């Protein structure tokens, strides 16, 4: 690995963790699409800020763009509060408008400088190591790494300091309000953090992929854990793994790094969606199949028990009769009888089925309770 | 540029006419379908579908090697449709909520689209140029056959909408009731979503994947302000969409370096702003005006009442009271000077000296009536 490669992966990891942390709260508070709105509309802030400051990595630019993010959130809220449109429509109205103004400003007036819409929308991580920061004449690393590390520390500080407040207002906003924690302050604090993160990550991965890194890793982690602290840790880890594996895939195929990172977050989500313990599709189907067999066995035992010792028992408790009485396919009936035999609930006399003492007890219990 | 020259240009210039036709048709179709999306609280689904269409466009190009708009549109529609089904199944099978599922699918598909686009750009063939116009749209590149494609597909969408009008109306407002009546709600749901997908993908070349969602939401949200009837809303929304599409496409084709998509979106946003403020009944400006009128009426009545109280405290009804006294009594609401002017015009008060005011006999009567009315009102 060359030094620029290591630096790119470090920046990518810092972006991934910085995005995953506030992302957890966004998905829990059902505000995931707010990240989409913010990450688009900060383009306007970046455009306006750039015309004033003329430096894409200046902290002032980050601040002015982050302000636009917060303004977007309040505009959405103001519009929703007029009761003329619903919240989702308000989001869908505000951010395209702001984003459009940004795009027009940039393509009209910034054609000759280093700021074009593709770069801001799509990001170009591969160039990040070329923008160096130097102190006292020494080269101390890429600017982007310092910017993202700073944002990462800020996010960690915010979440650790207000962990209790965030947790409470996320899971029980009413109680939080009643206890005197201002939901508005927590809300806008979180939105400020999201905006600052989006601006910082914007330069590295572009606006739409900020959304991928903010939502996909937390959504993936949400499938495997029930604890907020684990959720934060797991989504950070998934974010970093997606970022690094995405980088290498991009390296191998010579394609967009940001796009490849976003694709990897999706791959991990789908893998988890299928294979997660307990909540994954596979384990759900396995569990359903097992429950079906168990339920069918109980049905069989109850059926045998009901007819035991009554006239016609030879006909009723016969292998071939199950098809008629319980509407079972012969293959399925064979499987269930086999499973019940292995469990020791029934025994077979040719095609005639007999309950064991064990099976009789199970049937009795199933009928009672 | 003067307006006459512009209009002249429009009818003379073949390209402009194409662009205007295409933009108008996609505006109508999206405005109409958008009405249903907005009413069904799926405003942001358009955002998901349009972003998710990107890998479909790239894959269609990779597989067919052609840039014919029909092939790319089919790819886009397939990808948008798969994305929608994926969102639905994530919501159904996991505890991930709708908004997260939408954001996840949207951004991951878009990221994958970027991977494919950069892959295509590295290919040694020369025909790949121009796929990136799908990001922000480029109305100037609309050809006659593109416009035909938009027209035919848009027409099919509208015909289906008319055929299933009653059913779509029902599942938009009360899906449970529709289900209880025996309508196949799920199939209708998928059909309506499919129509939305088609409406969105026909606009991608003009407006671009990033901003296409606004064409779904904005005309419908604007139309919603003007009416409470679905039929009217859908019609108005289609007209708004067409106006936004045509004006945006024309403005952007008149000057260099103005991308089409953002311009169309700004036109649509302007229509929304206008409707929010000035639509009859729901317009916020009218609410503000009503509030002002009410407030002034109350202020005027209060000044009349104050003068009545003063007159009753003095034996002589014609005795003038200094305006300062009235201002003190009106503390908290103000508007004394304006109220006196209004009352004087109505002949209810008169100025007895410099800055001194008294009730006229009709004013006395009116104030008495008001005061009895206030006393009777609980």
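Residue numbers (the working numbering), protein chains in the order written: chain A, 259 to 627; chain B, 388 to 765.
Even glycine gets a Cβ: it sits at the ideal position worked out from N, Cα and C.
Please read all numbers here as calculations on a predicted model, not as lab measurements.
Subject >> Alpha-carbon spacing of residue 525/B relative to residue 393/A, whole angstroms >> reply: The count along the second chain starts at 1 and reaches residue 525/B at position 138. The count along the first chain starts at 1 and reaches residue 393/A at position 135. Looking at the two C-alpha atoms, the distance is approximately 45 Å.
Original post:
Using the beta-carbon of each residue, which ones in chain B are nearer than 9 Å to residue 494/A?
Top reply: Here the question's residue 494/A lines up with position 236 in the first chain. Taking the beta carbon of residue 494/A as reference, no residue of chain B falls within 9 Å; the closest one sits roughly 17 Å away.
**OP:** Could you tell me whether the Cβ of residue 284/A comes closer than 9 Å to any Cβ of chain B?
**Re:** What you label residue 284/A is simply residue 26 of the first chain in a count that begins at 1. Output row for residue 284/A: interface = yes.
Original post:
At which residue ranges does the stretch 528-614 of chain A contain complete beta strand (DSSP E) runs of 3 or more residues, listed in the order of the chain?
Top reply: Counting only runs of 3 or more, we get 604-607, 610-613.
Original post:
CB residue 603/B to CB residue 464/B, shorter than 9 Å?
Top reply: The residue labelled residue 603/B in the question sits at position 216 within the second chain. The residue labelled residue 464/B in the question sits at position 77 within the second chain. No, these two residues do not count as a Cβ contact at 9 Å.
**OP:** Output the distance between the C-alpha atoms of residue 678/B and residue 672/B, rounded to the nearest integer angstrom.
**Re:** Position 291 of the second chain holds residue 678/B. Position 285 of the second chain holds residue 672/B. A direct Cα-to-Cα measurement between residue 678/B and residue 672/B gives close to 10 Å.
**OP:** Figure out for me which residue from 426/A, 564/A, 291/A, 280/A has the closest Cα to the Cα of residue 353/A.
**Re:** Position 95 of the first chain holds residue 353/A. For the residues 426/A, 564/A, 291/A, 280/A, the minimum Cα distance to residue 353/A belongs to 291/A.
Subject >> Any C-beta of chain B under 9 Å from that of residue 489/A >> reply: The residue you call residue 489/A lines up with position 231 of the first chain. By this cut-off, residue 489/A is not an interface position.
Subject >> Distance CB(residue 455/A)-CB(residue 502/A) smaller than 9 Å >> reply: In the first chain, counting from the first residue as 1, residue 455/A sits at position 197. In the first chain, counting from the first residue as 1, residue 502/A sits at position 244. No Cβ-Cβ contact shorter than 9 Å links residue 455/A with residue 502/A.
Original post:
How would you call residue 413/A, buried or exposed, if buried means at least 16 neighbouring beta carbons within 10 angstroms?
Top reply: Here residue 413/A refers to the residue found at position 155 of the first chain. By the neighbour-count rule (16 or more Cβ atoms within 10 Å), residue 413/A is buried.
**OP:** Could you tell me whether any Cβ in chain B is nearer than 9 Å to the Cβ of residue 269/A?
**Re:** The count along the first chain starts at 1 and reaches residue 269/A at position 11. No, no contact with chain B.
**OP:** Below 6 Å CB to CB, which residues in the same chain sit around residue 670/B once its five sequence neighbours on both sides are set aside?
**Re:** Here residue 670/B is taken as the residue at index 283 of the second chain, counted from 1. Residues of the same chain with a CB within less than 6 Å of the CB of residue 670/B, apart from the 5 flanking positions on each side, are 664 in chain order.
Subject >> Members of the stretch 579-603 of chain B near chain E, C-beta cut-off 8 Å >> reply: Looking for chain E here will not work: the only protein chains present are A and B.
Subject >> Burial state of residue 259/A (16 or more Cβ within 10 Å) >> reply: Along the first chain, one-based indexing puts residue 259/A at 1. Of the other Cβ atoms in all chains shown, fewer than 16 fall within 10 Å of the Cβ of residue 259/A; this residue is therefore exposed.
Original post:
What is the rounded straight-line gap between the Cα of residue 611/B and the Cα of residue 552/B?
Top reply: For the purposes of this step, residue 611/B is taken as the residue at position 224 of the second chain. For the purposes of this step, residue 552/B is taken as the residue at position 165 of the second chain. Pairing residue 611/B with residue 552/B, the inter-Cα distance amounts to about 18 Å.
Original post:
For the candidate residues 594/A, 527/A, 574/A, whose alpha-carbon lies nearest to that of residue 548/A?
Top reply: The residue given as residue 548/A occupies position 290 in the first chain. Comparing Cα-Cα distances from residue 548/A to each of 594/A, 527/A, 574/A, the minimum goes to 594/A.
Original post:
By Cβ distance below 7 Å, which residues in the same chain neighbour residue 383/A in space, the five residues on each side in sequence not counted?
Top reply: On the first chain, position 125 is the one that residue 383/A refers to. For residue 383/A, where only same-chain residues beyond five positions count, the Cβ hits under 7 Å are 266, 269, 270, 462, 463, 515, 516.
Subject >> Classification of residue 231/A by the beta-carbon crowding that lies within 10 angstroms, buried from 16 upward >> reply: Shown here, chain A extends from 259 to 627; a query on residue 231/A therefore has no answer.
Original post:
If you drop the 5 nearest sequence neighbours on each side, which residues of the same chain put their C-beta closer than 8 Å to that of residue 313/A?
Top reply: Translated into the one-based positions of the first chain, residue 313/A becomes position 55. The residues are 319.
Original post:
Between which two residues does the beta strand (DSSP E) containing residue 392/A stretch?
Top reply: Sequence index remark: in the first chain, residue 392/A carries index 134 (1-based). Residue 392/A -> beta strand (DSSP E) spans 390-393.
Original post:
Beta-carbon of residue 612/B versus every beta-carbon of chain A: anything under 9 Å?
Top reply: Within the second chain, residue 612/B is the residue found at index 225, counting from 1. Yes, because at least one Cβ of chain A sits closer than 9 Å to the Cβ of residue 612/B.
Subject >> Proximity to residue 430/B [Cα-Cα], best of 549/B, 607/B, 507/B >> reply: In the second chain, the residue the question calls residue 430/B occupies position 43. Checking every option, the nearest Cα to that of residue 430/B belongs to 607/B.
Original post:
Within the chosen definition, does the stretch 475-482 of chain B reach the stretch 630-647 of chain B through at least 3 CB pairs nearer than 8 Å?
Top reply: Verdict: no, contact absent.
**OP:** Going by CA-CA distance only, name the one from 720/B, 695/B, 731/B, 741/B that's closest to residue 756/B.
**Re:** In the second chain, the residue the question calls residue 756/B occupies position 369. Considering only 720/B, 695/B, 731/B, 741/B, the residue with the shortest C-alpha distance to residue 756/B is 695/B.
Subject >> Length of the line joining the Cα atoms of residue 309/A and residue 360/A >> reply: One-based indexing of the first chain puts residue 309/A at position 51. One-based indexing of the first chain puts residue 360/A at position 102. Between residue 309/A and residue 360/A, the C-alpha separation is close to 11 Å.
**OP:** Pull up the DSSP beta-bridge partners for residue 708/B, would you.
**Re:** As a first step, residue 708/B is located in the second chain; it is residue number 321 there, counting from the start. Residue 708/B is bridged by DSSP to 744/B.
Original post:
Does residue 388/B come within less than 9 Å of chain A when only Cβ atoms are used?
Top reply: If you number the second chain from 1, residue 388/B lands on position 1. Unreliable placement is indicated for residue 388/B, whose pLDDT of 48 sits below 50; the coordinate value is still reported in the next sentence. Cβ-Cβ to chain A under 9 Å: no for residue 388/B.
Original post:
Nearest-angstrom Cα distance between residue 388/B and residue 498/A?
Top reply: Taking the first residue of the second chain as 1, we reach residue 388/B at position 1. Taking the first residue of the first chain as 1, we reach residue 498/A at position 240. Note that residue 388/B has pLDDT 48, beneath the 50 cutoff, so the model's placement of it is unreliable and the number below is only indicative. Going by the C-alpha atoms only, they are around 54 Å apart.
**OP:** Drop a sphere of 10 angstroms on the beta-carbon of residue 519/A, count the other beta-carbons inside from all chains shown, and report buried for 16 or more, exposed for fewer.
**Re:** Within the first chain, the letter at position 261 stands for residue 519/A. Burial call: buried.
Original post:
Between the stretch 543-562 of chain B and the stretch 572-591 of chain B, do three or more beta carbon pairs fall short of 8 Å?
Top reply: Cβ pair count under 8 Å is three or more, so yes.
Subject >> Residues of the stretch 293-312 of chain A whose Cβ lies closer than 7 Å to any Cβ of chain B, in chain order >> reply: Against chain B - using a Cβ distance shorter than 7 Å - the residues of the stretch 293-312 of chain A are 293, 294.
Subject >> Contacts around residue 601/B, its chain only, beta-carbon distance under 7 Å, and the 5 residues preceding and following it disregarded >> reply: What you label residue 601/B is simply residue 214 of the second chain in a count that begins at 1. Cβ neighbours of residue 601/B within its own chain (closer than 7 Å, five residues either side excluded): 652, 655.
**OP:** Find the nearest neighbour of residue 485/B within the set 611/A, 581/A, 538/A, 284/A, judged by alpha-carbon distance.
**Re:** In the second chain, counting from the first residue as 1, residue 485/B sits at position 98. Nearest to residue 485/B by alpha-carbon distance, out of 611/A, 581/A, 538/A, 284/A, is 284/A.
Original post:
In angstroms, rounded to a whole number, what distance separates the CA positions of residue 448/A and residue 400/A?
Top reply: Stepping through the first chain from its first residue, residue 448/A is reached at position 190. Stepping through the first chain from its first residue, residue 400/A is reached at position 142. Straight-line measurement puts the Cα of residue 400/A at about 28 Å from the Cα of residue 448/A.
Original post:
How far does the beta strand (DSSP E) with residue 398/A in it reach, from first residue to last?
Top reply: For the purposes of this step, residue 398/A is identified with residue 140 of the first chain, where counting begins at 1. Membership of residue 398/A in the beta strand (DSSP E) is indicated by the continuous run 396-400.
Subject >> Chain-ordered chain A contacts of residue 489/B [CB-CB under 8 Å] >> reply: Residue 489/B sits at position 102 when you count from the first residue of the second chain. Neighbourhood of residue 489/B in chain A, by CB distance below 8 Å: 290, 291, in chain order.
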